[in-house]
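In the numbering used here, the protein residues as written are 7 to 247.
Just so it is clear, CB atoms sit at the ideal spot from N, CA and C, and this is done for glycine as well.
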Amino acid sequence: SYYMVATDMFTHKTGWGFNPGIVLMRSENLTDWTHSAIDFTKVYPEKFGNVQWVWAPQTFYDVKEGKYLVYFTVKFKHNGYLDYYCAYANADFTALEHEPVFMFRADYGAIDGDIIYNEKDGYYYLYFKEDLTQKIAYVKSKNLTGPYNQDYTICSLNWWGVEGSTMYRINGTDAWMMIMDEYGEGTFFGQMTRDFKSFRRVQRSRYGLDHLRPRHGSVVSITEDEYYRLVDHYGVQKIEK
7 SYYMVATDMF THKTGWGFNP GIVLMRSENL TDWTHSAIDF TKVYPEKFGN VQWVWAPQTF
67 YDVKEGKYLV YFTVKFKHNG YLDYYCAYAN ADFTALEHEP VFMFRADYGA IDGDIIYNEK
127 DGYYYLYFKE DLTQKIAYVK SKNLTGPYNQ DYTICSLNWW GVEGSTMYRI NGTDAWMMIM
187 DEYGEGTFFG QMTRDFKSFR RVQRSRYGLD HLRPRHGSVV SITEDEYYRL VDHYGVQKIE
247 K
């Protein structure tokens with residue numbers, strides 16, 4: 007199965023002021039998807055009835071538990087904090103197994119989290135956009151759900167503000183690539199690491215494919231069969247140089 011999570015929001019219709027939920031999606035073929043929306047104010051009214059935003063969810067497969075952890079940023083109406091909460095998804099990936107629990111708070115706000123496990127040192131690295139500098143920072147923990155250290159480290163090497171970072175392994179190597187959305191420049195900025203702490207710059211690329219303008223992208227490996235299935239279903243988008 008394939009899994010995807012998203013913020014439940016339609017800014018052109020409802021604006022940015024109130025987005026109290028996320029969407030869990032599942033597919034068996036990458037082309038046909040089922041989805042389940044979770045409105046936190048309705049499902050968890052006692053704890054999240056006063057929530058204003060539930061933003062930028064992400065997933066991590068917990069090998070020890072044998073299920074997916076879903077984590078996201080929460081802001082309540084009564085304060086200005088942007089905090090990370092998390093919960094495990096059920097087996098059908100249609101709901102959360104339990105009420106979300108607190109995970110991490112950055113001093114100046116955090117969003118667009120991405121957790122990567124470093125097999126070399128046994129730490130989970132939580133990368134996020136740090137609001138004060140508009141750069142990517144990280145904290146780490148020996149446990150997936152925390153607690154994470156509060157003394158975070160800025161790690162992005164770009165000059166402009168970035169958000170929506172994602173990391174993926176370069177197949178066949180021990181190197182990992184981090185790509186970030188340089189939202190003010192219309193570009194993706196890339197940097198590579200082998201130790202999850204020190205990075206080197208990679209060529210910047212401008213996004214935009216005719217009608218498609220991808221933002222906050224994720225990268226996954228697919229097989230040849232999966233590639234041709236996607237091509238048959240969606241066609242091929244010509245990329246202009």
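Excluding sequence positions up to five away, which residues of its chain have a Cβ less than 7 angstroms from the Cβ of residue i?
i           : result
residue 247 : Caution is warranted here: a pLDDT of 43 is assigned to residue 247, below 50, making its placement in the model unreliable, and no coordinate value can be reported.
residue 207 : 163, 197
residue 177 : 227
Out of the options, state which residue places its alpha-carbon closest to the alpha-carbon of residue i.
i           : options            : result
residue 129 : 142, 176, 149, 111 : 149
residue 84  : 53, 122, 196       : 53
residue 161 : 86, 202, 102       : 202
residue 42  : 29, 76, 70         : 29
residue 151 : 90, 191, 101       : 90
residue 236 : 177, 38, 126       : 38
residue 100 : 238, 126, 55, 40   : 40
residue 102 : 65, 127, 112, 195  : 65
residue 98  : 86, 112, 113, 72   : 72
Please return the same chain residues whose Cβ sits closer than 6 angstroms to the Cβ of residue i, not counting the five positions on each side in sequence.
i           : result
residue 10  : 31
residue 200 : 180, 181
residue 171 : 120, 133, 142, 184, 186
residue 67  : 74
residue 140 : 167
residue 8   : 33, 36
residue 222 : 170, 187
residue 81  : 58, 59, 88
residue 156 : none
Measure the CB-CB distance between residue i and residue j and report whether it falls below 7 angstroms.
i           : j           : result
residue 174 : residue 225 : yes
residue 105 : residue 50  : yes
residue 47  : residue 60  : no
residue 79  : residue 62  : yes
residue 144 : residue 110 : no
residue 14  : residue 27  : yes
residue 108 : residue 163 : no
residue 93  : residue 76  : yes
residue 146 : residue 123 : no
For residue i, which residues of its own chain have a beta-carbon under 8 angstroms away from its beta-carbon, when the five flanking residues on both sides are left out?
i          : result
residue 45 : 14, 26, 27
residue 12 : 28, 29, 31, 63
*Using 8 angstroms as the threshold, is the segment 130-138 in touch with the segment 102-119, meaning 3 or more CB pairs across them?*
yes
_List, from N- to C-terminal side, the alpha helix (DSSP H) runs of 4 residues or more that fit wholly inside the segment 42-86._
46-49, 51-54
*At what residue ranges does the segment 118-152 contain a whole run of the beta strand (DSSP E), taking only runs of 3 or more?*
129-136, 141-147
*Pick out the complete beta strand (DSSP E) segments inside the segment 155-199, 3 residues or longer, and give them in chain order.*
169-175, 182-188, 193-199
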